[in-house]
Structure formats: structure tokens, C-alpha cells
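Quick note on the working numbering: the sequence shown kicks off at 4 and runs consecutively.
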Amino acid sequence: MAHTDPKRRRPRTDQRRNRQALLNAAREVFAEYGLDAPLDEIAKRAGLGNATLYRHFSDRRGLIIEVVLGSLSRHEHALTEALAEDDGWSGFTSFLKWLFTEQVNEVNHLAALRAIPAGENAEVDRLRHKTLSGFEELIARAKSEGTFRTDRWVEDIFLMLFLNEHLARLSETPQRAASQRFLELTLAAVSTPGADRIEQPSHEPDNVLTLRHTLGHDLAGLPRVT
Numbered sequence: 004m005a006h007t008d009p010k011r012r013r014p015r016t017d018q019r020r021n022r023q024a025l026l027n028a029a030r031e032v033f034a035e036y037g038l039d040a041p042l043d044e045i046a047k048r049a050g051l052g053n054a055t056l057y058r059h060f061s062d063r064r065g066l067i068i069e070v071v072l073g074s075l076s077r078h079e080h081a082l083t084e085a086l087a088e089d090d091g092w093s094g095f096t097s098f099l100k101w102l103f104t105e106q107v108n109e110v111n112h113l114a115a116l117r118a119i120p121a122g123e124n125a126e127v128d129r130l131r132h133k134t135l136s137g138f139e140e141l142i143a144r145a146k147s148e149g150t151f152r153t154d155r156w157v158e159d160i161f162l163m164l165f166l167n168e169h170l171a172r173l174s175e176t177p178q179r180a181a182s183q184r185f186l187e188l189t190l191a192a193v194s195t196p197g198a199d200r201i202e203q204p205s206h207e208p209d210n211v212l213t214l215r216h217t218l219g220h221d222l223a224g225l226p227r228v229t
């Protein structure tokens with residue numbers, strides 16, 4: 004039986020490790036500085052040289068596509084878990100919460116998806132279509148169960164995601180608190196009475212109190228509340 008020299012396997016292992024390190028660094032740097040961030044910052048963040056980066060990714064476009072594919076793979080995993088929920092509303096809320104959190108954690112999350120138009124990359128198109136189809140299935144299930152308003156549509160959720168992206172870019176107001184409050188309002192806007200199962204508080208919730216300090220200032224230059 005033939006044996007493979009371990010020394011001959013090592014370069015391939017190193018290449019895989021370096022490629023993943025570059026993708027992880029690109030995801031972080033793009034999230035922090037946008038898709039026009041310097042590529043040498045990505046190489047530096049990965050602990051590698053520029054030459055190694057260009058051996059794996061010949062140009063910025065190829066690197067962005069790989070980052071988007073990683074993002075869509077995370078979409079696919081989260082959506083699979085949501086579709087496995089016992090009912091449509093639970094699945095829908097689970098996936099929407101994941102999306103809102105992803106936008107806050109990576110403010111350029113949707114910007115990267117928008118950077119790859121339909122028709123440019125077949126795998127991006129496949130995963131993007133699969134995500135949309137699964138999302139529409141969750142909404143259809145919730146509607147059939149009577150928990151999702153029949154006069155609300157997936158395009159309404161797109162609007163909410165656009166707005167949440169802007170909340171994730173707030174300069175002083177805590178983005179996470181703003182996004183969490185907006186998620187609560189979104190779920191209330193699309194659910195039938197009682198479907199959201201959220202207890203109505205008798206006083207302002209913590210995320211509202213947090214927003215009170217700076218949201219008016221971020222929005223319209225109002226004085227900060229201390």
C-alpha cells in the first residue's frame with residue numbers, strides 16, 4: 004500500500020489555513036472599513052504578507068465574492084434551523100433575529116451582498132435564491148397558521164432590514180439596543196394579535212431607556228439626556 008509523504012501534504016494544509024485566515028480577516032476588515040478597505044490591511048490582520056493574499060485572491064472582486072459566499076453559507080445554516088422549528092412564526096422570528104444581529108455585528112453585511120449583482124456568480128445566485136425561497140416559505144407557513152398578518156409581505160421585511168442597516172451605522176446611539184427595539188417593533192407590525200407572545204410592559208423596557216440618552220441627538224441634534 005502506497006504511503007503519502009507527510010511533508011507533501013503540509014503545503015496544502017498551510018494553504019487552506021492561510022486562505023481561511025485571509026477570509027476571516029477580510030470579513031472583519033470589510034465590516035469595519037467597508038468594501039474599499041485596503042487589501043494590505045486584510046493581509047496584516049491575517050498575519051500574512053501581501054504576496055500570500057494575491058496568490059489566493061488575484062483581485063478585490065474575487066475576495067469579496069468569497070466573503071459573500073461565506074455569508075450566504077451562514078444564511079443557509081440559520082435558515083435550515085429556522086425551517087426546522089415547530090411552527091412558522093417561531094421559524095420566522097428565529098431567522099429575522101439572526102439577520103438583525105448579523106447586520107449589527109457586520110454593518111456591511113448587506114452591502115457585500117449588493118456588491119455582487121444577479122448573474123455575476125452562479126453559486127452566489129443559487130444561495131441567495133435559496134435564502135429568499137426559504138424566507139418566503141417561513142412567512143407563508145406563519146400566514147397559514149394565522150400568526151403572520153395577511154397584508155404584510157416579504158418586501159415589508161426588506162424595508163425593515165434596510166432600516167436596520169442604517170441603525171447599525173449610528174454614531175453614538177448603541178446600535179445593538181436600537182436594533183433590538185426595532186426588531187420588537189417589526190415583529191409587532193407583522194404579527195396577528197397575540198402571535199408575538201410578547202408581554203406588554205407597564206414601563207419603558209431597558210432598550211428604550213438606553214436609546215433615550217442619545218437617539219434624539221443622533222436623529223435631530225437634540226440635547227443628550229443624562
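Just so you know, even glycine gets a beta-carbon here, dropped at the ideal spot from N, CA and C. Keep in mind it's a predicted model, so treat the numbers as computed, not measured.
- DSSP places W156 in no alpha helix (DSSP H); its state is neither H nor E.
- Shown here, S174 sits in coil according to DSSP, grouped into three states, outside any helix or strand.
- Note on N111: 16 or more other CB atoms within 10 angstroms of its CB, so buried under the neighbour-count rule.
- According to the DSSP assignment, S194 belongs to no alpha helix (DSSP H), since it is labelled neither H nor E.
- Between T217 and P208, the alpha-carbon positions lie close to 16 Å from each other.
- Close CB contacts of V107 within its chain, under the 6 Å cut and outside five residues either way in sequence, are with A171, Q178, R179, S182 (chain order).
- Buried is the label assigned to A49, since at least 16 other Cβ atoms lie within 10 Å of its Cβ.
- A24 sits close to L51, with the two beta carbons spaced by under 8 Å.
- Counting the other Cβ atoms within 10 Å of the Cβ of F165 gives fewer than 16, which makes it exposed.
- Residue I160 holds the alpha-carbon nearest to the alpha-carbon of A191 among G37, P120, I160.
- Secondary structure at H169: helix, using DSSP grouped into helix, strand and coil.
- Here S74 is buried. Its C-beta has 16 or more other C-beta atoms within 10 Å.
- The continuous stretches of alpha helix (DSSP H) do not include H216, and DSSP gives it neither H nor E.
- Ranked by Cα distance from V32, the first of G94, H206, R63 is R63.
- Judged by DSSP in its simplified three-state form, L135 adopts helix.
- The three-state secondary structure of V32, taken from DSSP, is helix.
- Bounds of any alpha helix (DSSP H) do not take in H206, whose DSSP letter is neither H nor E.
- In the structure shown, S74 adopts helical secondary structure according to DSSP, grouped into three states.
- Remark: C-beta atoms of R152 and S194 approach each other more closely than 8 Å.
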